[in-house]
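For reference, the structure is listed below as structure tokens.
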Amino acid sequence: MESPHEREQGLLLARIIANVEKLNESILVLNRTLQEINVQNMDVELVAQMFKNYQSNVLFNLEGESFSLSFINPVAASSILFYSWLTNKFTE
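Quick look at the structure:
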């Protein structure tokens, strides 16, 4: 004859197993969602890196100019130039 404690432990174990299975499914969904977010962030990261490289190139070229551009904020100037370049690149 089965002990009442064994029966209760069996029921508790079944509940724990069911909850762990649900948790595993939720974690799989979370992992898929995070992978999708990472893929979408790759585009943002690429544009950010392009902007950083473009900005450093603009600043280098502005420093090499023979005339003074002290009245222009280099970050603002590079931002404007990058935006116009980016707009032209994706509208072609």
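Last residue of the sequence shown: 77 in our numbering, with the numbers rising by one and none dropped. Just so it is clear, CB atoms sit at the ideal spot from N, CA and C, and this is done for glycine as well.
So is Arg(-8) in contact with chain C if we call contact Cβ pairs under 8 Å?
Although the question refers to chain C, the structure presented lacks it and comprises just one protein chain.
Classify Ser53 as buried or exposed, calling it buried when 16 or more other Cβ atoms lie within 10 Å of its own Cβ.
With a pLDDT of 49 at Ser53, under the threshold of 50, the predicted position of this residue should be treated as unreliable, though the coordinate-derived value follows. With a 10 Å radius around the Cβ and a threshold of 16 neighbouring Cβ atoms, Ser53 comes out exposed.
Quick one: what does DSSP say Ser41 is sitting in, helix, strand or coil?
Correct three-state label for Ser41: helix.
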